[in-house]
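As they're listed, the protein sequences go chains Y and W. Sequence positions in the first sequence follow the numbering used here and run 1 to 104. Sequence positions in the second sequence follow the numbering used here and run 105 to 634. Structure first, then comments.
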Amino acid sequence: MRIKSHPIIDDFKKGRLVKFTYNGKEMTGYEGEPIAAALKAAGVMIHRYTKKKKEPRGIFCAIGRCTDCVMVVNGKPNTRTCVTALEEGMTVETQYGVSAKKEG
Amino acid sequence: MKRYNLAVIGAGPAGLSAAIEAKKHGMKNVAVFDENSRPGGQLFKQIHKFFGSKEHKAKERGFRIGEELLTEARELGVDVHLKAVVEGIYYPMKRLGVVENDSLTNYSADNVIIATGANENFIPFDGWTLPGVMGAGAAQTMMNLNGVMPGNRILMVGSGNVGLVVSFQLLQAGCDVVAVIDAAQRIGGYGVHASKLSRAGVPFLVSHTVVKAEGSDHVTGATIAKVDEHFKVIKGTEKHLDVDTICMAVGLSPMSKLAAMTGCEMVDKGGAVPKTDKYGATSIEGLYAAGDVAGIEEASSAMITGRISALAAAKKDGYVTEEEFKNEYDELNNSINKLRKGMFSHENKGRTDLTKTDEGYELSQTLLSKGYVADNEINSFPGVDDDIKGVHPVIECTQNIPCNPCQDACKFGCIMVGDDITSLPEVNKKSKCTNCGMCVASCSGQAIFLVNNDYEPGFASVTLPYEFLPVPAVGDVGVGLDRSGHKVCKAEVVEVRKNPAFDHTTLLTIKVPRDMSMKARFYKGMEATL
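Below is the structure:
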């Protein structure tokens with residue numbers, strides 16, 4: 001959920017509202033904010049499933065270190081969504097192992 | 105190949121300060137490389153007022169300090185490379201390999217300052233990889249930079265300053281902090297930070313750890329349990345907490361891989377760090393390390409160590425004379441030494457045998473174990489004197505921490521800290537308090553209250569710092585909460601003060617029964633009925 005008003009921060013300095021797709025579904029977020037922030041605001045918790053044990057992963061360090069939040073962005077897997085800026089028209093997909101397709 | 109007099113790696117507080125210092129001493133070509141798209145490192149998510157004294161920018165909020173550093177760096181012509189990943193430092197050629205826009209560029213640099221900061225530590229437990237378990241710093245990034253709540257109901261694991269500060273910020277963002285737990289027997293961070301949480305109703309559980317993150321595809325709860333003195337879980341003490349997010353604040357480790365790559369000598373200091381002399385110089389000539397990568401401290405010290413390293417580089421290359429160097433180094437060294445004192449300094453860290461302050465006051469044990477000073481402990485401290493007539497400050501600052509803005513804030517001499525900034529503030533009985541409120545707003549620990557026992561017959565007023573929304577209005581009637589967060593009385597809001605000089609800290613004055621003036625320390629609106 002987005003913070004509507006804050007006692008200390010007057011303005012989160014967001015870009016314009018843009019559309020993107022998450023697993024084919026249309027969503028909106030602010031241009032320039034991390035993809036992970038737009039997803040979190042929309043309530044998305046799971047960014048990827050691990051390759052071997054197929055365990056869910058989400059935002060963990062939020063500064064581009066841990067790679068837990070990687071997803072397939074514009075077809076490119078292993079994109080760190082916490083440090084990649086949202087752009088209009090981006091396609092964002094849950095990552096299974098290292099691809100956007102569920103493996104058997 | 106572009107050549108720099110100084111290349112700094114990391115645009116956080118240490119790196120930016122280093123670049124500014126170098127420019128000021130006449131170095132022509134100074135660059136800062138940072139892999140992020142925004143400079144400032146972790147400064148921009150620090151929305152609380154900093155400690156220290158004026159020279160350390162105390163009572164300023166971290167993100168404003170970040171803005172000041174950026175402006176200064178820009179004005180001085182520092183070349184800031186963003187989205188620039190330094191992949192390697194090559195010696196003895198003094199060359200940096202930097203990936204920018206997916207391609208590699210080499211730069212040569214006469215001096216390199218590594219200021220790459222630190223990583224958060226994590227502890228593994230059952231379910232710790234579930235979405236909803238995250239670093240406290242991650243939560244801070246989501247809420248303070250991105251404006252997104254990290255969750256609704258949070259368990260904070262770790263009670264060091266990071267855990268305490270982030271917990272308070274979670275409350276400010278509108279989240280519910282269900283508990284702050286720590287495996288140690290004592291709360292690890294500043295008592296003033298813990299007190300802010302306690303009076304707002306956040307419980308502390310020391311000697312507790314998290315044993316399980318519940319849920320199948322994201323966190324739906326947490327299991328915590330008591331631990332013995334060897335940090336082993338005591339069977340049968342497991343307890344479920346209804347949370348959707350678990351934040352870990354269990355320390356930081358220096359991000360020193362790049363330094364290690366250069367082949368400079370490394371030592372263990374809470375993680376591998378480059379071995380440095382007092383100027384931050386490593387075993388390789390012209391290579392320095394500053395800020396957390398050279399040993400975990402905090403942002404205020406990082407800014408100073410950055411400047412010291414840049415000064416040393418400037419001297420090495422003849423930009424400053426021996427005398428200038430000595431004078432400035434002494435000044436910077438004095439400044440950092442002030443921050444490195446007190447109960448939470450490196451030498452005192454983790455000590456459990458401390459029972460008294462430097463002045464000899466008995467430390468509040470309730471504060472260390474429960475997060476608030478008990479009613480029967482508070483009167484013994486020098487900032488608390490309930491016999492003063494009329495409005496007067498009550499300073500609930502009970503541990504030696506490096507901070508003195510309260511002394512500067514009072515123009516009427518009511519508050520004395522003295523030259524040693526870790527001393528406990530004393531209230532001067534004779535000086536006249538004018539009820540200006542500057543001390544309340546300037547206290548980074550939010551530990552100063554204005555009490556007037558002669559407000560009205562049978563009633564006292566208490567002015568407290570308030571940093572939440574919505575801000576109550578004059579005439580609102582709610583409840584007064586004591587230091588432990590328990591409701592103790594009816595409270596009426598009689599004054600609400602906002603002032604640019606208070607920097608977003610609202611001063612709330614509540615009217616409470618006379619016998620509650622030394623108990624009521626927080627206000628909650630009507631929904632919190634008595």
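The beta-carbon is built from N, C-alpha and C at its ideal position, and this holds for glycine as well.
Sixteen is the threshold: when 16 or more other Cβ atoms of the shown chains lie within 10 Å of the Cβ of asparagine 557/W, as they do, the residue is buried. The alpha-carbon separation between lysine 534/W and cysteine 518/W amounts to approximately 8 Å.
Contacts with chain Y (Cβ-Cβ distance below 9 Å) from the region 216 to 236 of chain W involve Asn223, Glu224, Phe226, Thr233, Leu234, Pro235, Gly236, listed in chain order.
The Cβ atoms of glycine 255/W and aspartate 348/W lie closer than 8 Å to each other.
DSSP, read as helix, strand or coil, puts valine 266/W in helix. Closest option to glycine 156/W, judged by alpha-carbon separation, among Ala605/W, Gly549/W, Gly579/W, Gly589/W: Gly549/W.
Under the 8 Å criterion on CB atoms, isoleucine 614/W is classed as non-interfacial with respect to chain Y. Non-local C-beta neighbours of alanine 414/W in its own chain, meaning closer than 6 Å and more than five positions away in sequence, comprise Ala122, Glu125, Ala126, ordered along the chain. Here the alpha carbons of valine 315/W and threonine 341/W stand approximately 11 Å from one another. Valine 371/W counts as exposed, since fewer than 16 other beta carbons sit within 10 angstroms of its beta carbon. Taking 7 Å as the upper bound on Cβ-Cβ separation, chain Y lies near residues Asn248, Asn250, Gly251, Val252, Met253 of the region 248 to 266 of chain W. Judged by DSSP secondary structure, alanine 135/W falls within the beta strand (DSSP E) whose first and last residues are 134 to 137.
Under the 10 Å beta carbon count, methionine 71/Y is surrounded by 16 or more other beta carbons and is classified as buried. Around phenylalanine 606/W, the same chain offers Ala545 as residues with beta carbons nearer than 6 Å, after the five sequence neighbours per side are excluded.
DSSP places cysteine 501/W outside any alpha helix (DSSP H), giving it a letter other than H or E. DSSP, read as helix, strand or coil, puts alanine 222/W in strand. By the Cβ criterion, the region 605 to 620 of chain W is in contact with the region 562 to 572 of chain W, since at least three pairs of Cβ atoms, one from each stretch, lie closer than 8 Å. Look at alanine 242/W: its C-beta is under 8 Å from a C-beta on chain Y. When the beta-carbon positions are compared, phenylalanine 167/W and leucine 147/W come within less than 8 Å of each other. Straight-line spacing of the CA atoms in threonine 313/W and alanine 329/W works out to 6 Å.
Around the beta carbon of serine 484/W, fewer than 16 other beta carbons sit within 10 angstroms, so the residue counts as exposed.
Contact between lysine 493/W and phenylalanine 516/W is ruled out by a C-beta separation of about 15 Å, above the 8 Å threshold.
Residue pairing of valine 424/W in beta bridges, as defined by DSSP: absent, with no partner found. Positions of the alpha helix (DSSP H) runs, each at least 4 residues long and wholly inside the region 169 to 246 of chain W, are given as 240 to 244 in order along the chain. For the options Lys602/W, Asn603/W, Phe572/W, the alpha carbon positioned closest to that of lysine 628/W is the one of Phe572/W. Your pair leucine 268/W and alanine 219/W does not check out as a contact, with CB atoms roughly 25 Å apart and the cut at 8 Å. Within the region 4 to 61 of chain Y, the complete beta strand (DSSP E) segments of 3 residues or longer fall at 17 to 22, 25 to 30, listed in chain order. In this structure, the beta-carbon distance from serine 212/W to arginine 107/W falls below 8 Å. Between the C-alpha atoms of proline 576/W and isoleucine 8/Y there is a straight-line separation of about 16 Å. The criterion of a C-beta distance shorter than 8 Å is satisfied by isoleucine 400/W and glycine 374/W. Ranked by Cα distance from alanine 376/W, the options Asn223/W, Cys279/W, His608/W, Gly201/W are led by Asn223/W.
For the region 72 to 84 of chain Y, the set of positions with a beta-carbon nearer than 8 Å to some beta-carbon of chain W reads Cys82, Val83 in chain order. Each residue's CA atom was taken as its position, placing serine 360/W and glycine 119/W some 14 Å apart.
Rounded to whole angstroms, serine 387/W and glycine 541/W show a C-alpha spacing of 51 Å. Pairing leucine 611/W with arginine 625/W gives a Cβ-Cβ distance that is not under 8 Å. Only exposed fits alanine 364/W, as fewer than 16 other CB atoms lie within 10 angstroms of its CB.
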